[in-house]
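To start, the structure itself, in C-alpha cells.
Number of protein chains: 2
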Amino acid sequence: MSSSLKIAVDGMGGDFGPEVIVPGLAIALEREPRLEVLLYGDEKKIQPLLDAHPDLKKITTLCHTDIAITMDEKPSAALRRGRRGASMWMAIQAVKNGEADVVISAGNTGALMVMAKILLKSMPGLPRPAMAAIWPTTRGHSIVLDVGANIGAVAHHLVTFAVMGEAMARSVFGLKLPTVGLLNVGVEEVKGLDEVKEAARLLRESSLPIEYRGFVEGDDISRGTVDVVVTEGFTGNIALKTAEGTARQFGKFLKDALSSTWMTKLGYLFARGAFQAVRDKLDPNNNNGGVLLGLNGIVVKSHGGSDARGFSSAINLATNMVSNGLLDAIAADVEHLQQAEKQEK
Amino acid sequence: MSSSLKIAVDGMGGDFGPEVIVPGLAIALEREPRLEVLLYGDEKKIQPLLDAHPDLKKITTLCHTDIAITMDEKPSAALRRGRRGASMWMAIQAVKNGEADVVISAGNTGALMVMAKILLKSMPGLPRPAMAAIWPTTRGHSIVLDVGANIGAVAHHLVTFAVMGEAMARSVFGLKLPTVGLLNVGVEEVKGLDEVKEAARLLRESSLPIEYRGFVEGDDISRGTVDVVVTEGFTGNIALKTAEGTARQFGKFLKDALSSTWMTKLGYLFARGAFQAVRDKLDPNNNNGGVLLGLNGIVVKSHGGSDARGFSSAINLATNMVSNGLLDAIAADVEHLQQAEKQEK
Numbered sequence: 060m061s062s063s064l065k066i067a068v069d070g071m072g073g074d075f076g077p078e079v080i081v082p083g084l085a086i087a088l089e090r091e092p093r094l095e096v097l098l099y100g101d102e103k104k105i106q107p108l109l110d111a112h113p114d115l116k117k118i119t120t121l122c123h124t125d126i127a128i129t130m131d132e133k134p135s136a137a138l139r140r141g142r143r144g145a146s147m148w149m150a151i152q153a154v155k156n157g158e159a160d161v162v163i164s165a166g167n168t169g170a171l172m173v174m175a176k177i178l179l180k181s182m183p184g185l186p187r188p189a190m191a192a193i194w195p196t197t198r199g200h201s202i203v204l205d206v207g208a209n210i211g212a213v214a215h216h217l218v219t220f221a222v223m224g225e226a227m228a229r230s231v232f233g234l235k236l237p238t239v240g241l242l243n244v245g246v247e248e249v250k251g252l253d254e255v256k257e258a259a260r261l262l263r264e265s266s267l268p269i270e271y272r273g274f275v276e277g278d279d280i281s282r283g284t285v286d287v288v289v290t291e292g293f294t295g296n297i298a299l300k301t302a303e304g305t306a307r308q309f310g311k312f313l314k315d316a317l318s319s320t321w322m323t324k325l326g327y328l329f330a331r332g333a334f335q336a337v338r339d340k341l342d343p344n345n346n347n348g349g350v351l352l353g354l355n356g357i358v359v360k361s362h363g364g365s366d367a368r369g370f371s372s373a374i375n376l377a378t379n380m381v382s383n384g385l386l387d388a389i390a391a392d393v394e395h396l397q398q399a400e401k402q403e404k
Numbered sequence: 060m061s062s063s064l065k066i067a068v069d070g071m072g073g074d075f076g077p078e079v080i081v082p083g084l085a086i087a088l089e090r091e092p093r094l095e096v097l098l099y100g101d102e103k104k105i106q107p108l109l110d111a112h113p114d115l116k117k118i119t120t121l122c123h124t125d126i127a128i129t130m131d132e133k134p135s136a137a138l139r140r141g142r143r144g145a146s147m148w149m150a151i152q153a154v155k156n157g158e159a160d161v162v163i164s165a166g167n168t169g170a171l172m173v174m175a176k177i178l179l180k181s182m183p184g185l186p187r188p189a190m191a192a193i194w195p196t197t198r199g200h201s202i203v204l205d206v207g208a209n210i211g212a213v214a215h216h217l218v219t220f221a222v223m224g225e226a227m228a229r230s231v232f233g234l235k236l237p238t239v240g241l242l243n244v245g246v247e248e249v250k251g252l253d254e255v256k257e258a259a260r261l262l263r264e265s266s267l268p269i270e271y272r273g274f275v276e277g278d279d280i281s282r283g284t285v286d287v288v289v290t291e292g293f294t295g296n297i298a299l300k301t302a303e304g305t306a307r308q309f310g311k312f313l314k315d316a317l318s319s320t321w322m323t324k325l326g327y328l329f330a331r332g333a334f335q336a337v338r339d340k341l342d343p344n345n346n347n348g349g350v351l352l353g354l355n356g357i358v359v360k361s362h363g364g365s366d367a368r369g370f371s372s373a374i375n376l377a378t379n380m381v382s383n384g385l386l387d388a389i390a391a392d393v394e395h396l397q398q399a400e401k402q403e404k
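Chains as they are written, first to last, in this note's numbering: chain C, 60 to 404; chain V, 60 to 404.
Encoded structure:
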C-alpha cells in the first residue's frame with residue numbers, strides 16, 4: 060500500500076486550464092498521499108501555480124510544452140497538432156511508456172478519445188473501447204457505458220462493455236457481484252434491437268462475476284435499478300445529455316419559481332441548504348470523470364467545466380481504479396469470457 | 060367553427076379507468092363546447108359517473124362492452140381479446156368507420172399501437188407510424204418523435220417523422236415554420252449513424268415548410284433549441300424515459316433535502332407555491348398525450364397515471380389537432396415530399 064501512484068495529467072485541458080488543475084491536484088494529494096504527478100503544459104502558466112502549493116510541487120514533475128489542444132478543435136486537427144507534442148498527447152504517452160499508471164485530462168473529449176485509441180491501443184479481446192459515466196441515482200451511483208466512444212455496437216461489443224463495466228463497479232464501488240442490465244425499450248412485446256436481444260442471451264448464459272438482471276429502461280438509470288447499465292454509444296450519449304439537460308431544466312424552473320414572490324424568496328432563504336444539497340448531488344463536480352475503458356491504460360476524462368474540487372474527484376477516481384487493479388481485473392474477465400466462448404464452440 | 064368535434068374514447072383505459080376519464084371529459088367539455096363523445100366501456104361502472112355530469116351525459120353516447128384491456132397485458136394477448144370487442148378496439152374502430160375524428164385512450168400503450176396499426180393502417184407515403192411526445196422545455200414545449208412506435212429507422216423514415224412532426228407543431232403550437240433538428244451525438248467528428256447523416260442531407264435539400272436546423276444533442280431537447288426533434292424510436296424512447304426518471308430523481312432529492320432540518324421545512328412552507336409551479340410544469344398531467352401519427356386517423360395516448368385534469372388536456376390536445384386539420388396537413392406535406400423525390404429521380 061506504500062507504493063506510489065503515478066499519474067499523468069494534461070495540465071492545459073478544460074475550460075479553465077491550470078488555474079483549476081493545479082489546485083485540484085493539491086486537493087487530491089491531501090486525500091491520497093501516495094500521489095506522484097507528471098504534469099504536461101505551459102511552464103510559464105503552471106510554475107507560479109505550483110509554487111503556491113509546495114507539497115504538490117515536491118511530488119510533481121513539470122514537463123513543458125507550448126502546444127495545447129483547444130476545447131472546440133476537431134479531433135482530426137487536434138491529432139495533427141497533438142503528434143507534435145501537445146500536453147494531452149504527451150500525458151497519454153506517459154502511460155504508454157509505463158511512466159504513469161493512468162492519464163487524466165479535462166480537455167476536448169473527442170481529441171482525447173482519438174489520441175488514446177492511437178497511443179494505447181485496444182486490450183486483447185476488447186475490440187471496442189467504451190466511455191463509462193458515473194451516474195448519480197436515487198440509490199447512490201451507477202456506471203453507464205458506452206456514453207459515446209463508439210457509434211453502433213454488435214452483441215459481442217455490448218457483452219465486452221458489460222465486462223468492463225462490472226470490473227469498474229467492483230473497483231470503484233467495491234462490489235463483489237455488481238448487478239448488470241441492458242438498456243432497452245419496454246413498449247413493444249418483441250423488445251428492442253436484435254443486437255440487444257442477442258447480447259441478453261450471451262449475458263444470461265455467461266459465467267461472468269455479475270448478477271445479470273435483464274433489460275432496464277431509461278428511467279431505471281436514475282432509479283439505480285442496476286449497478287451497471289450497458290448500452291451502445293449513440294443511445295448512451297443521448298441518454299446522458301438528455302439527463303444533464305433535464306436536471307438543468309429542473310434547476311432553472313425552480314430558480315425562476317423561487318424568485319417569483321416575496322414568500323417564495325423568503326422560503327428560499329430558509330431552505331438554501333437543501334437546494335445546495337441537491338445541487339451537490341447532481342453536480343458533475345461530484346460525479347466527475349468519464350472513464351475510457353478497453354485500452355492498454357486507463358484514461359479519465361474530467362468534466363471540462365469543473366472547478367478544482369471537481370478535478371480533484373476525477374484524480375481520486377483515477378487513483379482508486381489504479382489501486383484496485385482495474386486493468387488486471389478487466390483482463391482476467393476478458394480471458395474468462397474468451398475461454399467460455401471457446402468451450403461453446 | 061360550429062361543426063361538432065366527434066371523439067371516440069376508451070372508457071376503461073389507464074390506472075384509474077372511468078373514475079378519471081368521465082370527470083376528465085367533463086372538464087374538456089367546458090373548454091370545448093363542440094365536443095361529441097362516443098364512450099366505450101362497462102355501462103355499470105360508467106353510467107353512474109355520467110349521471111353526475113348531466114352536460115357531458117347529453118353529448119355522450121355510451122357503448123357497452125365487458126372487455127377491457129389491462130395495463131400489463133402483452134400486445135399479442137390484448138389483440139386477441141381486443142378483436143372480440145374490447146373498449147380500446149371499439150374506440151379505434153369508430154375512427155376507422157368515420158364515426159369519430161380522433162380516438163383517445165389512457166390504456167396499455169403497446170396494445171393501443173398494435174390495434175391502431177391494424178385498424179387504421181398507414182397513410183399513403185408514410186411507411187412507419189411514429190409516437191410523438193410533447194416535451195416541456197425551458198422555452199415552452201417541443202415535439203419529439205419517434206418515442207417508441209418502431210425500433211430502427213432508415214433515413215427515409217426519419218424524414219417522414221420530420222414531416223409528421225412539423226405538421227403537428229404547426230397544428231398544436233400554431234407555428235408557421237417550425238424549426239426541426241435531428242437528434243445526434245456531438246462527440247465524434249464523423250458524427251452519428253449513417254441513416255442520421257443521410258436524413259440530414261435529405262432534410263437540408265427538401266422544400267418542406269420547415270426551418271431545418273441540423274443536428275441537436277440530448278441536452279438540446281429540454282433547452283427547446285428546436286420545435287421538433289426527430290429521432291429513431293429506440294433512442295427516442297430511452298431519451299424520454301431517462302428524462303422522466305431524472306425529473307423524478309431531482310424531485311426526490313429535493314423532497315429529502317427539504318425535510319432534513321426545521322429551517323428547510325420552514326423554507327418549504329413559504330416556497331410551497333414555487334414547488335407546485337415546478338411540479339406543474341414538469342407534470343405529465345400538463346403535458347399529456349403521446350400522439351401516434353402516420354395512420355389514417357389520429358390516436359392520442361393519455362398518460363396512464365393521469366388525473367381528470369390530465370385526461371382533459373389529452374382530450375383538448377386531440378380536438379385541437381382535429382380542428383386544425385392535422386391529417387390533411389400531413390397528407391399535403393407527404394404529397395409534396397413525394398413529388399420532390401420524383402423530380403430528383
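Each residue gets a CB set at the ideal place from its N, CA and C atoms; glycine is no exception.
These figures come from a predicted structure and were not determined experimentally.
query, result
"Closer than 6 Å by C-beta to arginine 93 (chain V): which residues in its own chain qualify, once you throw out the five before and the five after it? Chain order, please.", "Ser63 and Leu64"
"When you compare the CB positions of valine 161 (chain C) and isoleucine 280 (chain C), do they come within less than 9 Å of one another, or not?", "no"
"Can you pull the chain C residues whose beta carbon is under 7 Å from the beta carbon of alanine 306 (chain V), in chain order?", "Thr305 and Phe309"
"Which residues in chain V have a C-beta closer than 9 Å to the C-beta of glycine 348 (chain C)? List them in chain order.", "Ordered by position in chain V, no residue passes the 9 Å Cβ test against glycine 348 (chain C), which lies about 16 Å from the chain."
"What is the DSSP secondary structure of histidine 362 (chain V), counted as helix, strand or coil?", "coil"
"Let me make sure I understand the geometry here. Which of C:Leu354, C:Gly141, C:Ala87 and C:Glu78 has the alpha-carbon closest to that of leucine 376 (chain C)?", "C:Ala87"
"Just to confirm my understanding: we take methionine 60 (chain C), look at its own chain, exclude 5 residues before and 5 after, and list those with CB closer than 7 Å. What are they?", "Bear in mind that a pLDDT of 44 at methionine 60 (chain C), under 50, signals an unreliable position, so the number given afterwards is only what the model happens to contain. Contacts found: none."
"Restricting to runs no shorter than 3 residues, where is the beta strand (DSSP E) found entirely within the region 147-198 of chain C?", "161-164 and 189-195"
"Can you tell me whether isoleucine 297 (chain V) is helix, strand or coil according to DSSP?", "helix"
"Considering only the alpha carbon of each residue, which of C:Asp253, C:Arg282 and C:Val287 lies closest to proline 237 (chain C)?", "C:Val287"
"For proline 77 (chain V) and asparagine 209 (chain V), what's the separation of their Cα atoms in angstroms?", "30 Å"
"In this structure, how does DSSP classify lysine 104 (chain C) when only helix, strand and coil are distinguished?", "helix"
"Based on DSSP bridge pairs, tell me the residues matched to phenylalanine 274 (chain V).", "V:Leu241"
"With a threshold of 9 Å between beta carbons, is methionine 147 (chain C) in contact with chain V?", "no"
"From this set, C:Leu252, C:Thr124 and C:Ala258, which residue's C-alpha is nearest isoleucine 297 (chain V)'s C-alpha?", "C:Leu252"
"Quick check on DSSP: helix, strand or coil for methionine 60 (chain V)?", "Unreliable positioning characterises methionine 60 (chain V) in this predicted model, as indicated by a pLDDT of 44, which lies under 50. A coordinate reading is not provided."
"Among V:Trp148, V:Gly184, V:Asp125 and V:Thr129, which residue has its Cα nearest to the Cα of glutamate 394 (chain V)?", "V:Gly184"
"So is arginine 229 (chain C) buried or exposed if we call it buried at 16+ other beta carbons inside 10 Å?", "buried"
"For chain V, check one thing: does any of its Cβ atoms lie closer than 9 Å to the Cβ of leucine 242 (chain C)?", "yes"
"Under 6 Å Cβ to Cβ from isoleucine 389 (chain C), same chain only, skipping five residues before and after it: list those, please.", "Met223 and Ala226"
"Taking 6 Å as the limit between beta carbons, can you name the residues of its chain near alanine 153 (chain V), skipping five residues before and five after?", "Ala67, Leu97 and Ala159"
"Strictly under 9 Å for the Cβ-Cβ distance: is serine 181 (chain V) near chain C by that measure?", "no"
"What residues of chain V sit near isoleucine 280 (chain C), judged by a beta carbon separation below 7 Å?", "Thr301 and Gly304"
"Please name the residue or residues paired with aspartate 205 (chain V) in a DSSP beta bridge.", "Paired residues: none, contrary to the question."
"Nearest-angstrom Cα distance between lysine 116 (chain C) and glutamate 291 (chain C)?", "41 Å"
"Between the alpha carbons of alanine 333 (chain C) and threonine 196 (chain C), how many angstroms are there, rounded?", "17 Å"
"Name the DSSP bridge partner or partners of aspartate 69 (chain C)?", "C:Tyr99"
"Hey, does lysine 340 (chain C) have any beta-carbon neighbour from chain V nearer than 9 Å?", "yes"
"Can you tell me where the alpha helix (DSSP H) holding glycine 41 (chain C) begins and where it ends?", "Residue 41 (chain C) falls outside the range modelled here, since chain C spans only 60 to 404, and no answer is possible."
"Below 9 Å between beta carbons: does that hold for leucine 299 (chain V) and glycine 211 (chain V)?", "no"
"How is valine 350 (chain C) classed by DSSP in three states: helix, strand or coil?", "strand"
"Ends of the beta strand (DSSP E) at leucine 121 (chain C)?", "119-123"
"Give the single residue among V:Gln308, V:Val79 and V:Gly83 whose Cα lies nearest to the Cα of arginine 338 (chain C).", "V:Gln308"
"Note down, in chain order, each residue of its chain lying with its Cβ closer than 7 Å to the Cβ of arginine 263 (chain C), except the 5 sequence neighbours on either side.", "Tyr271"
"Secondary structure at valine 287 (chain C), three-state DSSP: helix, strand or coil?", "strand"
"According to DSSP, is histidine 112 (chain C) helix, strand or coil?", "coil"
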